[in-house]
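A.B. asks:
Residue numbers (our numbering), protein chains in the order written: chain A, 1 to 251; chain B, 252 to 704.
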């Protein structure tokens with residue numbers, strides 16, 4: 001009987017009755033090494049007796065096929081296939097509340113370990129990570145290009161129909177409502193607060209130097225291109241400003 | 252003789268291997284009280300001996316000449332509080348640099364506005380400026396885009412700006428002390444500070460980056476003595492705030508939602524007070540509500556998160572709204588009969604506030620409604636702040652009007668006043684909490700003091 005790989009999970013774990021490994025051993029080792037080499041790894045993983053306190057208090061475990069205990073066990077026992085499998089979907093269920101970390105008698109941080117796995121999923125440009133993050137791209141665009149993660153113009157009834165009709169209880173243009181906030185830094189609509197041009201330019205340097213732009217390029221080329229254009233434009237503006245300052249000095 | 256052979260059925264749910272301990276009642280009481288002590292009274296205290304205070308490492312690194320510490324000095328008029336293990340933490344009360352929250356400013360602007368209004372009322376000097384980024388941790392926790400080095404560089408960059416910001420006013424470095432508004436920023440910055448202090452490799456990496464940005468002090472990294480959340484400021488100022496109270500709130504039944512990233516991340520730094528709920532809950536928010544005279548009502552799911560989930564609130568909202576409704580709002584309404592739920596973090600307030608309308612989809616009798624406010628918004632409201640001009644309740648989807656009615660606030664009148672005020676705003680006559688010229692400290696738009704009219 002022929003086995004098809006019609007589902008996403010099957011595509012990643014392969015044919016369960018085939019002798020051929022779906023992912024080469026070397027690749028699995030490389031992925032685990034990336035997780036394990038993060039300097040936080042030893043701080044976040046100290047041991048595990050399978051007590052399950054983490055899962056008992058985990059909000060995501062209420063609603064998803066997800067267990068922080070399982071994640072810790074996979075890492076603790078260095079179950080490379082299981083780790084790879086969990087990185088396809090399960091790690092994205094975690095709500096990052098760190099309740100597990102606060103309760104673990106061993107001082108583990110399952111939530112922290114999940115972040116190392118998410119970073120690694122992105123580094124390896126996993127298709128599952130790309131699919132999961134596609135709807136999150138608005139936040140990434142806003143953050144990487146402006147330094148703000150959320151802006152008033154992102155909160156619209158079209159984007160949040162389940163929030164109901166009371167998202168704004170006063171019927172007035174957004175720009176006017178923002179002007180009526182008594183903090184002058186907040187009289188903005190495209191960013192949460194007015195961001196100094198110098199601030200944005202400094203942030204771009206941080207993105208470049210720490211490899212964040214490379215991460216983004218690997219996960220969403222189109223988004224990267226858009227952000228690169230915005231960055232170029234703002235850097236030009238900053239150069240112009242500095243040149244104007246020099247001119248003023250000379251005068 | 253076991254229970255089964257006597258014919259007395261027992262359903263323990265523990266499985267076949269379970270055996271009764273057969274303790275005498277006195278021994279059972281001792282055992283139970285031991286468990287209660289460990290679980291109810293900060294179960295994490297059992298691990299105290301294994302937890303290091305990173306501030307010890309910090310002072311040693313400064314002594315070794317590797318870092319500079321931005322101190323909470325006398326000019327910041329600090330108040331000392333106790334943290335989880337009884338350690339001291341200095342909370343500055345004056346000369347504060349507001350490190351804003353993108354979620355608060357973008358979505359619930361009455362949150363920071365109420366805080367600044369309270370500071371004005373108490374004569375607290377502060378700076379709200381444009382030269383700051385988000386902590387970037389919402390995006391990081393949601394997407395995995397970012398890394399420890401980027402988080403650390405952003406932390407050091409923003410805190411360096413707080414250190415030098417007063418130069419624009421002709422004041423010395425370190426004049427202002429950073430006050431972090433967002434709970435996630437607070438947790439993230441503390442976690443990152445810990446890693447920076449422990450890892451020479453991380454310090455070396457970010458030192459190069461901060462050097463390129465011109466954000467070193469004498470060639471060294473600048474580390475804050477304390478990372479301070481606004482709710483801690485509110486907590487230590489609670490009696491002074493209550494002294495200016497104008498509206499009685501003793502009829503209000505308030506539930507508190509403690510924010511995960513405020514007390515579950517780096518828990519050893521969270522503030523506890525034996526006089527507040529017996530020291531069994533983080534003290535912030537509960538402290539100010541009790542000082543204002545509200546009834547703080549406990550509820551069974553106090554420990555749960557709000558359901559925000561970082562990525563989930565954007566792209567997996569079934570989880571977010573289900574958790575917010577069933578584990579938080581419904582419990583507060585049905586079990587605690589609450590009039591309001593009070594929080595101290597951006598994502599929690601947003602999640603709990605916005606996700607109530609959809610509960611009506613559950614059918615008749617399934618809808619739940621509960622006013623959601625941040626602690627500083629509630630404090631400002633009962634101290635006489637305008638519900639729309641300052642507390643900006645119109646950005647809240649939850650029924651804040653019901654709460655205001657119970658407080659005796661004529662919200663319809665206040666709303667009409669605000670509608671008239673919008674006409675003045677249109678004409679460019681908006682009222683501000685501070686001089687707008689202070690908000691730009693360098694770059695385009697900066698007006699040096701000498702040139703200010």
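Heads up, the beta-carbon is just placed ideally off N, CA and C, and yes, glycines get one too.
Bear in mind the structure is a predicted one, so any value in this text is a computation, not a measurement.
Have a look at the DSSP bridge pairing and note the partners of residue 480(B).
C.D. replies: For this step, residue 480(B) is matched to residue 229 along the second chain. Beta-bridge pairing links residue 480(B) to 431(B).
A.B. asks: Suppose you measure from the CA of residue 695(B) to the CA of residue 62(A); what does that come to, to the nearest Å?
C.D. replies: As a first step, residue 695(B) is located in the second chain; it is residue number 444 there, counting from the start. As a first step, residue 62(A) is located in the first chain; it is residue number 62 there, counting from the start. Rounded to the nearest angstrom, the two C-alpha atoms are 50 angstroms apart.
A.B. asks: Would you tell me roughly how many angstroms separate the C-alpha atoms of residue 653(B) and residue 664(B), rounded to the nearest one?
C.D. replies: For the purposes of this step, residue 653(B) is identified with residue 402 of the second chain, where counting begins at 1. For the purposes of this step, residue 664(B) is identified with residue 413 of the second chain, where counting begins at 1. C-alpha separation (whole angstroms): 14 angstroms.
A.B. asks: 9 angstroms is my cut-off, CB to CB: does residue 133(A) come that close to chain B?
C.D. replies: As a working mapping, residue 133(A) is identified with position 133 in the first chain. It does: the Cβ of residue 133(A) has a partner Cβ on chain B nearer than 9 angstroms.
A.B. asks: Do the region 434-442 of chain B and the region 514-521 of chain B make contact, defined as three or more Cβ pairs closer than 8 angstroms?
C.D. replies: yes
A.B. asks: Would you say residue 32(A) lies against chain B (beta-carbon separation less than 9 angstroms)?
C.D. replies: Numbered from its first residue, the first chain carries residue 32(A) at position 32. With 9 angstroms as the cut-off, residue 32(A) does not count as an interface residue toward chain B.
A.B. asks: Whose Cβ in chain B lies nearer than 7 angstroms to the Cβ of residue 181(A)?
C.D. replies: Position 181 of the first chain, counted from the first residue, corresponds to residue 181(A). Simply 360, 364 and 643.
A.B. asks: Going by the CB atoms, is the gap between residue 176(A) and residue 168(A) shorter than 9 angstroms?
C.D. replies: The sequence position of residue 168(A) within the first chain is 168, counting from 1. The sequence position of residue 176(A) within the first chain is 176, counting from 1. In this structure, residue 176(A) does not lie closer than 9 angstroms to residue 168(A) by Cβ.
A.B. asks: Does residue 235(A) have its Cβ less than 9 angstroms from a Cβ in chain B?
C.D. replies: Walking along the first chain from the start, residue 235(A) turns up at place 235. Chain B, which has no Cβ nearer than 9 angstroms to the Cβ of residue 235(A), makes this no.
A.B. asks: DSSP puts residue 320(B) in a beta bridge; with which residues?
C.D. replies: Position 69 of the second chain, counting from 1, holds the residue named residue 320(B). 474(B).
A.B. asks: In chain B, what lies closer than 8 angstroms to residue 152(A) by C-beta?
C.D. replies: For this step, residue 152(A) is matched to residue 152 along the first chain. Under the 8 angstroms cutoff, chain B gives 357 and 358.
A.B. asks: Does the CB of residue 110(A) have a neighbour CB from chain B at under 9 angstroms?
C.D. replies: Walking along the first chain from the start, residue 110(A) turns up at place 110. No, because no Cβ of chain B sits closer than 9 angstroms to the Cβ of residue 110(A).
A.B. asks: When we look at the beta-carbon of residue 383(B) and count the other beta-carbons within 10 Å, is it buried (16 or more) or exposed?
C.D. replies: Counting from one through the second chain, the residue named residue 383(B) turns up at place 132. Looking at its Cβ environment, which holds 16 or more other Cβ atoms inside 10 Å, residue 383(B) is buried.
A.B. asks: Could you give the uninterrupted runs of the alpha helix (DSSP H) lying entirely in the region 132-157 of chain A, keeping only those of 4 residues or more?
C.D. replies: Qualifying alpha helix (DSSP H) stretches, in chain order: 137-146.
A.B. asks: What is the DSSP secondary structure of residue 381(B), reduced to helix, strand or coil?
C.D. replies: By 1-based counting over the second chain, the position of residue 381(B) is 130. Coil at residue 381(B), not helix or strand.
A.B. asks: With 8 angstroms as the C-beta to C-beta threshold (strictly closer), list the residues of the region 663-679 of chain B near chain A in chain order.
C.D. replies: 666, 669, 670, 672, 673, 676 and 677
A.B. asks: Residue 689(B) and residue 380(B) - do their beta-carbons sit closer together than 9 angstroms?
C.D. replies: Taking the first residue of the second chain as 1, we reach residue 380(B) at position 129. Taking the first residue of the second chain as 1, we reach residue 689(B) at position 438. Yes, they are a contact pair.
A.B. asks: Can you tell me the Cα-Cα spacing of residue 145(A) and residue 525(B), whole angstroms?
C.D. replies: Along the first chain, one-based indexing puts residue 145(A) at 145. Along the second chain, one-based indexing puts residue 525(B) at 274. The alpha-carbon separation between residue 145(A) and residue 525(B) amounts to approximately 45 angstroms.
A.B. asks: Between the region 93-104 of chain A and chain B, which residues of the former have CB atoms less than 7 angstroms from a CB of the latter, in chain order?
C.D. replies: 95, 96, 97, 98, 99, 101 and 102
A.B. asks: Looking at chain A, which residues of the region 371-402 of chain B have a Cβ within less than 8 angstroms of any of its Cβ atoms?
C.D. replies: 379, 380, 381, 382, 383, 384, 385, 387, 389, 390, 391, 392, 393, 394, 395, 396, 397, 398, 399, 400 and 401
A.B. asks: Three-state secondary structure (DSSP) at residue 342(B)?
C.D. replies: What you label residue 342(B) is simply residue 91 of the second chain in a count that begins at 1. Here residue 342(B) sits in strand by DSSP.
A.B. asks: In this structure, how does DSSP classify residue 120(A) when only helix, strand and coil are distinguished?
C.D. replies: For the purposes of this step, residue 120(A) is taken as the residue at position 120 of the first chain. In this structure, residue 120(A) counts as helix in the three-state DSSP scheme.
A.B. asks: Would you mind stating whether residue 347(B) and residue 627(B) have Cβ atoms separated by less than 9 angstroms?
C.D. replies: In the second chain, residue 347(B) corresponds to position 96, counting from 1. In the second chain, residue 627(B) corresponds to position 376, counting from 1. Taking 9 angstroms as the Cβ cut-off, residue 347(B) and residue 627(B) do not qualify as a contacting pair.
A.B. asks: With 16 as the cutoff for other CB atoms within 10 Å, does residue 339(B) come out buried or exposed?
C.D. replies: In the second chain, counting from the first residue as 1, residue 339(B) sits at position 88. The residue is exposed, with fewer than 16 neighbouring Cβ atoms inside 10 Å.
A.B. asks: Using 8 angstroms for Cβ pairs, my map puts residue 120(A) next to residue 400(B). What's the rounded Cβ distance?
C.D. replies: The sequence position of residue 120(A) within the first chain is 120, counting from 1. The sequence position of residue 400(B) within the second chain is 149, counting from 1. Contact flag wrong, Cβ pair sits at about 15 angstroms.
A.B. asks: Does the region 530-541 of chain B come within contact of the region 608-627 of chain B, defined as at least 3 CB pairs closer than 8 angstroms?
C.D. replies: yes
A.B. asks: Where in the region 603-682 of chain B do unbroken runs of the beta strand (DSSP E), each at least 3 residues long, occur, reported from the N-terminal end onward?
C.D. replies: 622-625
A.B. asks: Counting only Cβ-Cβ distances shorter than 7 angstroms, please list the residues of the region 182-205 of chain A near chain B, keeping chain order.
C.D. replies: Those residues of the region 182-205 of chain A that come within reach of chain B (Cβ to Cβ, closer than 7 angstroms) are 182, 183, 184, 185, 186, 192, 193, 194, 195, 196, 197, 198, 199, 202, 203 and 205.
A.B. asks: Alpha carbon to alpha carbon, what distance is there between residue 126(A) and residue 136(A)?
C.D. replies: In the first chain, the residue the question calls residue 136(A) occupies position 136. In the first chain, the residue the question calls residue 126(A) occupies position 126. Spanning the two alpha carbons is a distance of roughly 16 angstroms.
A.B. asks: Consider the Cβ of residue 512(B): report whether some Cβ of chain A lies at a distance smaller than 9 angstroms.
C.D. replies: Taking the second chain and counting its residues from 1, the one referred to as residue 512(B) is at position 261. Closer than 9 angstroms: yes.
A.B. asks: Cβ closer than 7 angstroms: which chain A residues qualify as neighbours of residue 440(B)?
C.D. replies: Within the second chain, residue 440(B) is the residue found at index 189, counting from 1. Result: empty, since nearest Cβ-Cβ is about 14 angstroms, beyond 7 angstroms.
A.B. asks: Would you tell me roughly how many angstroms separate the C-alpha atoms of residue 670(B) and residue 678(B), rounded to the nearest one?
C.D. replies: Here the question's residue 670(B) lines up with position 419 in the second chain. Here the question's residue 678(B) lines up with position 427 in the second chain. Answer to the nearest angstrom: the Cα atoms are 13 angstroms apart.
A.B. asks: Could you spell out the range, first to last residue, of the alpha helix (DSSP H) harbouring residue 540(B)?
C.D. replies: As a working note, residue 540(B) is residue 289 in the second chain. Residues 537-542.
A.B. asks: Is there contact here, the region 192-205 of chain A with the region 142-161 of chain A, by at least three beta-carbon pairs under 8 angstroms?
C.D. replies: yes
A.B. asks: In the DSSP assignment, what residue or residues form a beta bridge with residue 594(B)?
C.D. replies: What you label residue 594(B) is simply residue 343 of the second chain in a count that begins at 1. 508(B) and 625(B).
A.B. asks: Taking only beta carbons into account, state which residues of the region 416-428 of chain B come closer than 9 angstroms to chain A, listed in chain order.
C.D. replies: none
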